[in-house]
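*Asks:*
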Amino acid sequence: MGAWGFVSLAYGIVYGAIVVYWLFLKRRFRQVETELNRLRASEATRSDDKS
Amino acid sequence: MDLLTQTYLLLRKDLLLELRRRDSLLTMFFFGTLLLFVFHFSFDLPPDKVAEMAPALLWLAFLFTGTLGLAQLFQAERENHCLDALLLSPLDRGALFLAKTIFNLILMLLVELVVIPLFWILFNLSAWNLLPQLFLVILLGTIGFCVLGTIMSALTLRARARELLLPLVLFPLMIPVILATIRCMESVLRNGEFGEALSWLKLLVGFDVIFITVGILIFDWVIES
Amino acid sequence: MRLTINKLAKAYGFLWALRDVNLDLPPSAFVALLGPNGAGKTTLLKLLAGLIAPTAGSIQVDGTTMTANNAAVRRQIGFLAPADHLYENLTVWENLRFFASLYERNDRAVDIESALEAVGLAQRRDEFVANLSSGLKCRVSIAKWQLLQPGLLLLDEPYGVLDGNGVDLLEGFLRSHCQQGHIVIMASHHVSRALKLCNRAVILHRGKLSFDETKRQPWPSFAQAFDEFLPHGESWTS
Amino acid sequence: MTQSIETAKKRKGILGGLALVAVAIGLYWSLAIAPPDAYQGEVQRIMYLHLPSILTAYLSYFLVFVGSGMYLWKREKRDDLLAHAAAELGVLFTALTIIEGSIWGKPTWGVWWTWDARLTLTAILLLIYAGYLMLRSLIDDENRAASAAAILGIIGFLDIPLIHMSVYWWRTLHQPPSILRPDKAPWENVHPAMLTALTISFVAFLLLYFYLLSLRYRVGEMRHEIKALRVERGA
């Protein structure tokens, strides 16, 4: 493996890992956000029922 | 009532309990001795290499035995919710920290007092005159271990798999103590004096002082967590 | 001793164990804390003992707000756990002396001796707690709090393990303790016994105080609240 | 309420976009414009990754420390959330630092791993903060987990200088300083283009770091809100 080989390996792994982590985080973010919105929506209907 | 009186009361209670059962002390002692045998079989050291390897072997043996003791440290308090009884009382949490640290220190020192001469006999070492200096180093190292070990033991008290978690969080933090103790012991065994290892000795003292202070200050939060 | 509880609330994970509890207890109050299982009785006692921190609200003892590290307040609070809070491998005597010295109260040998005498354990002072039955352990606990004289004494279902004699001992101790101006709060399912002792009854229902009145005779409002919230409990009019 | 969430989202988007641009410029400078090192050649370009990632890792640990201390003092959930998010990112960037160091080490030292002081120190940091995450996940009660982790976050950070000292002494007393440490200060006899590349990479990593941190923090915050809502329901 030449010098550029090592360099591209390092850059590839680092940015690859960051992108994977970012995608993973995005997915978690979206899941949690949907769950939260669902809960909020049902909360709103419940308080409507009361009034 | 001041910190030291409370520490004394708690320590007396722990020692009394240990004197009755000797659970921790006996297991630690046998485990330490066992490790010496295992090391001997697995390394099969030639006599001239023993003095070189002795510090690392001894200190590793103490580290593992100490961890065994730490896992048992709050055992009496776990039975019958006695920890609650202590937390209920007007007790300074710093005293609890000091008492437990000193208690584990006493156990480890007792084990070390037996295991080191045993090591000298088993491995045919001749440098008996260096033992006082070695004990000093080991004392400082053991204090550092017990101080941080007590904090971590209390921290993992309510965790799942706490016996496994304890060494996992404790050992990386112990790196300065491990390195400093082994280097000091090496220097003493090789040159008969601390020499350039003196800065290691200072590091060891610094570690002890820093974490004793931190421990007394934050044990409030440690034990309530 | 005056105890003021202000909008106290505690959540465990997803659930409110206790919500918006207000209570103001004058000296010599003897409170029967009633409620079905899971109503939050133990949570309230633990909060008062300072063993857990409230999610919201405050507890004041004689005007001082209780915090985790206030030793002066903690010295005032006792928690009688029937067969708990004793070291198994210490003798009865050693347990009492240890706790008395921690509280710096009545830790002389004569005091401990007379406390043991009072609960009928003077003969067994040198036995290990591990060898005692749970009824006898409870008696040791009674002796312990008799020595420590807490301004606020909390009890969580003390009747389960005691024999008839022990119950008499406990009730005698609680009565005299209360008469000295101390506050006693007792959670129990033995409603008739608790009602006889208390001078105030409190019902917890799903984490909220649903009833809080001083005792009188007859007591129709309690009867109504009792039937509403504890319909399957034992009969309390005995 | 929803408006502030929208603006926060927009702000995150802008931060992410900036990070992306900075990373692109950084890549261009470090791979194309900066000249190869006189001794190490092209391999030295890994430095433009290595130094920024270890810097962000240390920044993380500092944030864990600050968040932990604030949490113990004020007991506010947001400080704990910050510490948790920072610890996770710290572990990520430390792991990346070790991988880069290892890839850099192969052509320079001929081995993937050597017990160089820097590499060893980084590995120990990884162990400490992995332990932090383990401790969090192994305590069931959420408040207890938060306080226990906060204690470890503080002690771990206080321990770093001691570990640093001991690991460096350990190496220097046994073997000469590593190739990584030049005899001269790094800013002397360094090509200006190299410095620019390094600076841009630093900025890019910091932007990327704060973008990821804000994302991770918001995940924790929303999880906490969900729990709070569920608690309301439970009553």
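Residue numbers (the working numbering), protein chains in the order written: chain L, 135 to 185; chain B, 29 to 253; chain F, 177 to 414; chain V, 200 to 434.
For every residue, glycine included, the Cβ atom is placed at its ideal position computed from N, Cα and C.
Kindly give me the distance between the Cβ atoms of leucine 168 of chain B and serine 365 of chain V, rounded to whole angstroms, as I take these residues to be in contact under 8 Å.
*Replies:* Actually they do not touch by this definition, with Cβ atoms about 14 Å apart.
*Asks:* Note down, in chain order, every chain L residue with its Cβ under 9 Å from the Cβ of methionine 421 of chain V.
*Replies:* Those within 9 Å of methionine 421 of chain V in chain L are Phe163, Val166, Glu167, Glu169 and Leu170.
*Asks:* What are the residues in the segment 193–208 of chain F lying within 9 Å of chain B by C-beta distance?
*Replies:* Under the 9 Å Cβ criterion, the segment 193–208 of chain F contributes no residue.
*Asks:* Of the residues that make up the segment 137–156 of chain L, which ones have a beta carbon closer than 8 Å to any beta carbon in chain V?
*Replies:* Residues passing the 8 Å Cβ filter: Ala137, Trp138, Phe140, Val141, Leu143, Ala144, Tyr145, Ile147, Val148, Tyr149, Ala151, Ile152, Tyr155 and Trp156.
*Asks:* Within 8 Å (strictly less), CB to CB, does serine 414 of chain F reach chain B?
*Replies:* The predicted model places serine 414 of chain F with a pLDDT of 41, which falls under 50 and marks its position as unreliable; any figure quoted below should be read in that light. Answer no: the Cβ-Cβ gap between serine 414 of chain F and chain B never drops below 8 Å.
*Asks:* Quick one: grab the DSSP three-state call for leucine 185 of chain B.
*Replies:* Coil, per DSSP.
*Asks:* So what's tyrosine 260 of chain V in DSSP terms, helix, strand or just coil?
*Replies:* Looking at tyrosine 260 of chain V - three-state DSSP - the assignment turns out to be helix.
*Asks:* What residues from chain L crowd round proline 306 of chain V, counting only those whose CB sits closer than 7 Å?
*Replies:* Here the neighbours are Ala137 and Phe140.
*Asks:* Using a Cβ-Cβ cut-off of less than 8 Å, list which residues of the segment 274–300 of chain F approach chain B; keep chain order.
*Replies:* The residues in question are Phe274, Phe275, Ser277, Leu278, Tyr279 and Glu280.
*Asks:* Taking Cβ to Cβ, would you say leucine 31 of chain B is nearer than 8 Å to glycine 122 of chain B?
*Replies:* Going by C-beta atoms, leucine 31 of chain B is nearer than 8 Å to glycine 122 of chain B.
*Asks:* What runs of the alpha helix (DSSP H), each 4 residues or longer, lie entirely inside the segment 156–227 of chain B?
*Replies:* Here the runs fully enclosed are 159–183, 190–201 and 203–219.
*Asks:* In the DSSP output, what is glycine 330 of chain V paired with across the bridge?
*Replies:* Glycine 330 of chain V pairs with nothing; no bridge assigned.
*Asks:* Thinking C-alpha only, which one of B:Ser227, B:Val142, B:Ala79 and B:Ser70 is nearest leucine 54 of chain B?
*Replies:* Of the listed residues, the one whose Cα sits closest to leucine 54 of chain B is B:Val142.
*Asks:* Does the separation of the CB atoms of isoleucine 353 of chain V and serine 413 of chain V fall below 8 Å?
*Replies:* Against a cut-off of 8 Å, the Cβ pair of serine 413 of chain V and isoleucine 353 of chain V comes out as no contact.
*Asks:* What is the rounded straight-line gap between the Cα of histidine 68 of chain B and the Cα of glycine 300 of chain V?
*Replies:* For histidine 68 of chain B and glycine 300 of chain V, the distance between alpha carbons rounds to 37 Å.
*Asks:* Would you mind reading off the limits of the beta strand (DSSP E) that contains arginine 376 of chain F?
*Replies:* It spans 376–381 - the beta strand (DSSP E) in which arginine 376 of chain F sits, taken as one unbroken run.
*Asks:* For the alpha helix (DSSP H) that contains isoleucine 302 of chain V, what are its first and last residues?
*Replies:* Residues 276–308.
*Asks:* Can you give me the start and stop residues for the alpha helix (DSSP H) that glycine 348 of chain F sits inside?
*Replies:* Its alpha helix (DSSP H) spans residues 340–355.
*Asks:* What span of residues does the alpha helix (DSSP H) with valine 337 of chain F cover, start to end?
*Replies:* Valine 337 of chain F -> no alpha helix (DSSP H), and no H or E assigned at all.
*Asks:* Consider the Cβ of phenylalanine 235 of chain B: report whether some Cβ of chain V lies at a distance smaller than 8 Å.
*Replies:* It does; some Cβ of chain V falls within 8 Å.
*Asks:* When you compare each of B:Val216, B:Asn132 and B:Gly243 to alanine 259 of chain B by their alpha carbons, which one comes out closest?
*Replies:* Since the first and last residues shown for chain B are 29 and 253, residue 259 of chain B lies out of range.
*Asks:* Against alanine 127 of chain B, what residues of chain F qualify as contacts under a CB-to-CB distance less than 9 Å, listed in chain order?
*Replies:* Result: empty, since nearest Cβ-Cβ is about 12 Å, beyond 9 Å.
*Asks:* Compare the C-beta of serine 365 of chain V against all C-beta atoms of chain B and say whether one is closer than 8 Å.
*Replies:* Closer than 8 Å to some Cβ of chain B, the Cβ of serine 365 of chain V qualifies, so yes.
*Asks:* To the nearest angstrom, report how far apart proline 212 of chain F and leucine 380 of chain F are at their CA atoms.
*Replies:* Straight-line Cα distance between these residues: approximately 8 Å.
*Asks:* Quick check: what's the CA-CA separation for glutamine 374 of chain V versus threonine 313 of chain V?
*Replies:* Note that glutamine 374 of chain V scores a pLDDT of 45, beneath 50, so its modelled location is shaky; the value from the coordinates is reported in the next line. Whole-angstrom Cα-Cα distance: 12 Å.
*Asks:* For chain B, check one thing: does any of its Cβ atoms lie closer than 8 Å to the Cβ of leucine 217 of chain V?
*Replies:* No, because no Cβ of chain B sits closer than 8 Å to the Cβ of leucine 217 of chain V.
*Asks:* Mind listing the chain B neighbours of phenylalanine 255 of chain F? Cutoff is C-beta to C-beta under 7 Å, in chain order.
*Replies:* Within 7 Å Cβ-Cβ: Leu116.
*Asks:* Using a Cβ-Cβ distance under 8 Å, would glycine 225 of chain V count as near chain L?
*Replies:* By this cut-off, glycine 225 of chain V is not an interface position.
*Asks:* Looking at the unbroken alpha helix (DSSP H) that takes in isoleucine 228 of chain F, where does it start and where does it end?
*Replies:* Run containing isoleucine 228 of chain F: none; DSSP gives neither H nor E here.
*Asks:* Within the 8 Å Cβ cut-off, does alanine 82 of chain B reach chain F?
*Replies:* No, no contact with chain F.
*Asks:* When burial is assigned at 16 or more other CB atoms within 10 Å of the CB, is phenylalanine 158 of chain L buried or exposed?
*Replies:* Classification of phenylalanine 158 of chain L: exposed, given that the 10 Å Cβ count is below 16.
*Asks:* Quick one: measure Cβ to Cβ for leucine 220 of chain F and valine 197 of chain F, integer angstroms, because I've assumed they're closer than 8 Å.
*Replies:* The Cβ separation is near 7 Å, so the contact holds.
*Asks:* Could you list which residues in chain F have their beta carbon closer than 7 Å to that of leucine 119 of chain B, in chain order?
*Replies:* Ordered by position in chain F, the residues that pass the 7 Å Cβ test against leucine 119 of chain B are Leu278.
*Asks:* Helix, strand or coil, according to DSSP, for tyrosine 270 of chain V in the structure here?
*Replies:* In this structure, tyrosine 270 of chain V counts as helix in the three-state DSSP scheme.
*Asks:* Given a limit of 8 Å on CB to CB distance, which residues of the segment 240–253 of chain F reach chain B?
*Replies:* Under the 8 Å Cβ criterion, the segment 240–253 of chain F contributes Ala244, Asn245, Ala247, Ala248, Arg250, Arg251 and Ile253.
*Asks:* Alpha carbons only, please: which of B:Met56, B:Gln100, B:Phe239 and B:Asp42 is nearest the one belonging to leucine 176 of chain B?
*Replies:* It is B:Phe239.
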